[in-house]
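S.K.:
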Amino acid sequence: MPVINRIADFADDMKTWRRHLHAHPEIQFECFETAKFVVEKLRDFGVDEIHEGIATTGVVAIINGRMDGPTIGLRADMDALPMQEETGLPYASTIPGKMHACGHDGHTTMLLGAARYLAETRNFAGRAAFIFQPAEEGGGGAQVMVQEGILDRFDIKEVYALHSGPGDDVGTFYTTPGPILAAVDTVHIHITGVGGHGAYPYETADPVVAAVGMVSAIQTIVSRNHVPYDDLVVSVTQVHTGSADNIVPEKAYINATVRTMKKETQAMVRKRMSEIVAGHAAAYNVEAELTYEIGYPATINEPTKTAFAADVAREISPDVDDARQYEMGGEDFSYMLNERPGAYLYVGNGDSAGLHHPKYDFADGAAPAGASFFARLIERALPVE
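Residue numbers 129 to 513, in my numbering, belong to the letters of the sequence shown in order.
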């Protein structure tokens, strides 16, 4: 079974929705106009319940099936990124410094398409909960929605989500059981020494050489402190210090990102990071403050639900990879999967620019496939006897 015929019928409508959302991006929890657009569409579709203002701008809509049964949650993120678009498209962002560069406009559109179809057909026994979430890009909107009780409030038993997958053919799918995306932590190191004249460094406590030593030592966490088959990324991404060639500065700052799949690996990195910073501070006679921020946890697919979701995807596309190598990116849908079984999948976006690239654009041809996946998942998981 390819794309559901009825969804194919309104594919042009989905393209219009998606391009409207693309042209009007909003970031973090400030998805007010996006949520308003979503709610207007849901009302037009005739869903049974609409709950607004969750996690500031989040929306949960409920569609009842033909008979009683459990509730399954389907999630789409709505927020954009704080970056300038460079696509030159007619529907490019109209808001300077904000852009849908991660496909959330497409994710929202796919979920709206599934809602329209299921509100018309209702060929399932139970309830479908449509979760439109703000602030995936760094704000942890999924965590906030979970903390505000949506899973218990709406008695959601399972959760599923889709993400755009650049590089794979449009409308194909891929996923993997178990870990699919990494935990994401952030490191801040503030170094304070004694500044002075560049010609008299012996009168200073130089934070620059301390920072350089710390950066070099941090790289050994991956190469010397973990086993090769425990995936780990530690990347120093910022070093800021100094103002002139003849001044030894007083302060330096180091920023890094840490990606792990296992809690024990994460704990090891925190311990080694603390030891490295303290040791180098003592060696270079400076003060150093380490802040290790625990971010999104690893995104872990429940194996049985992942196999089921992949089977559903095969009804939409003959090209489904259910054993794809996991990646070291991060995703706050992990908070929902920590509380309920479910799965996270990708839908192919074709030969497009990569995610978070200023020339990325969601492939409109992927939207009917994604909407069909969501719809068939509900019908398959909640069959009418």
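We put the CB at the ideal spot given by N, CA and C, even for glycine.
On a predicted model such as this, the values are computed, not experimentally measured, just so you know.
The beta strand (DSSP E) spanning residue 196 covers which residue range?
M.R.: Reading the sequence shown from its first residue, position 68 is the one you call residue 196. 195 to 205 is the span of the beta strand (DSSP E), which, as asked, contains residue 196.
S.K.: Report the residue from 469, 502 and 271 whose alpha carbon sits nearest the alpha carbon of residue 183.
M.R.: The residue given as residue 183 occupies position 55 in the sequence shown. Selected option, being the one with the closest Cα: 271.
S.K.: Taking the beta strand (DSSP E) that residue 473 falls in, what are its first and last residues?
M.R.: Position 345 of the sequence shown, counted from the start, is the residue given in the question as residue 473. Element bounds for residue 473: 470 to 476.
S.K.: Suppose the cutoff is 7 Å on Cβ atoms and the five residues either side in sequence are ignored; what does the same chain contact list for residue 215 look like?
M.R.: For the purposes of this step, residue 215 is identified with residue 87 of the sequence shown, where counting begins at 1. Excluding residues within five positions, the ones whose Cβ falls inside 7 Å are 487 and 489.
S.K.: Output the residue ranges of the alpha helix (DSSP H) runs that lie fully inside the stretch 262 to 312 and measure 4 residues or longer, sorted by chain position.
M.R.: Entirely contained in the stretch 262 to 312, the alpha helix (DSSP H) runs reaching 4 residues are, in chain order, 269 to 275 and 278 to 281.
S.K.: Let me check understanding here. Comparing Cα to Cα, which of 363, 375, 360 and 379 lies closest to residue 369?
M.R.: In the sequence shown, counting from the first residue as 1, residue 369 sits at position 241. Nearest C-alpha to residue 369: 379.
S.K.: Under the rule that 16 or more other beta-carbon atoms within 10 Å means buried, what is residue 432, buried or exposed?
M.R.: Here residue 432 refers to the residue found at position 304 of the sequence shown. Classification of residue 432: exposed, given that the 10 Å Cβ count is below 16.
S.K.: Report yes or no: do three or more beta-carbon pairs, one from the stretch 142 to 158 and one from the stretch 204 to 212, lie closer than 8 Å?
M.R.: As far as the Cβ criterion goes, the stretch 142 to 158 touches the stretch 204 to 212, which means the pair count is three or higher.
S.K.: By Cβ distance, which residues of its chain are closer than 7 Å to residue 199, with the 5 residues on each side in sequence left out?
M.R.: Start at 1 with the first residue of the sequence shown, and residue 199 comes out as number 71. Once the five neighbours on either side are set aside, the close Cβ partners of residue 199 are 254, 255, 257, 282, 283, 284 and 285.
S.K.: Should residue 320 be flagged as near chain D, meaning a C-beta pair shorter than 9 Å?
M.R.: Looking for chain D here will not work: only one protein chain is present.
S.K.: What are the start and end residues of the alpha helix (DSSP H) that includes residue 133?
M.R.: As a first step, residue 133 must be located in the sequence shown, where it is residue number 5. Note, residue 133: alpha helix (DSSP H), 133 to 137.
S.K.: Would you tell me roughly how many angstroms separate the C-alpha atoms of residue 336 and residue 377, rounded to the nearest one?
M.R.: As a working note, residue 336 is residue 208 in the sequence shown. As a working note, residue 377 is residue 249 in the sequence shown. Using only the alpha carbons, I get a separation of about 8 Å.
S.K.: For residue 416, write down the residues that DSSP places opposite it in a beta bridge.
M.R.: As a working note, residue 416 is residue 288 in the sequence shown. The partner list for residue 416 (beta bridge, DSSP) reads 319.
S.K.: Given residue 415, which residues of its chain have a CB within under 8 Å of its CB, disregarding the five upstream and five downstream residues?
M.R.: As a working note, residue 415 is residue 287 in the sequence shown. Taken in chain order, the residues that qualify are 319, 320, 321 and 409.
S.K.: If you check the beta carbons only, do residue 219 and residue 147 fall under 9 Å apart?
M.R.: The count along the sequence shown starts at 1 and reaches residue 219 at position 91. The count along the sequence shown starts at 1 and reaches residue 147 at position 19. Against a cut-off of 9 Å, the Cβ pair of residue 147 and residue 219 comes out as a contact.
S.K.: Select from 468, 134, 508 and 313 the residue whose C-alpha is nearest the C-alpha of residue 418.
M.R.: Position 290 of the sequence shown holds residue 418. Answer by Cα proximity: 313.
S.K.: Here's the rule: buried if 16 or more other CB atoms are within 10 angstroms of the residue's CB, otherwise exposed. What is residue 217?
M.R.: Counted from its first residue, the sequence shown places residue 217 at position 89. The residue is exposed, with fewer than 16 neighbouring Cβ atoms inside 10 Å.
S.K.: Within 10 Å of its beta-carbon, does residue 446 have 16 or more other beta-carbons around it, so buried, or fewer, so exposed?
M.R.: Reading the sequence shown from its first residue, position 318 is the one you call residue 446. Classification of residue 446: exposed, given that the 10 Å Cβ count is below 16.
S.K.: When you compare each of 472, 509, 508 and 507 to residue 292 by their alpha carbons, which one comes out closest?
M.R.: Here residue 292 is taken as the residue at index 164 of the sequence shown, counted from 1. That would be 472, whose Cα lies nearest to the Cα of residue 292.
S.K.: Nearest to residue 365 by alpha carbon, out of 317, 403 and 484?
M.R.: Looking up residue 365 in the sequence shown gives position 237. If we check each option's Cα against that of residue 365, 317 comes out closest.
S.K.: Do the CB positions of residue 359 and residue 387 come within less than 9 Å of each other?
M.R.: Locating residue 359 in the sequence shown gives position 231, counting from the first residue. Locating residue 387 in the sequence shown gives position 259, counting from the first residue. Taking 9 Å as the Cβ cut-off, residue 359 and residue 387 qualify as a contacting pair.
S.K.: Look at the alpha carbon of residue 134 and the alpha carbon of residue 506, and state the distance between them as a whole number of angstroms.
M.R.: Position 6 of the sequence shown, counting from 1, holds the residue named residue 134. Position 378 of the sequence shown, counting from 1, holds the residue named residue 506. One C-alpha to the other measures close to 16 Å.
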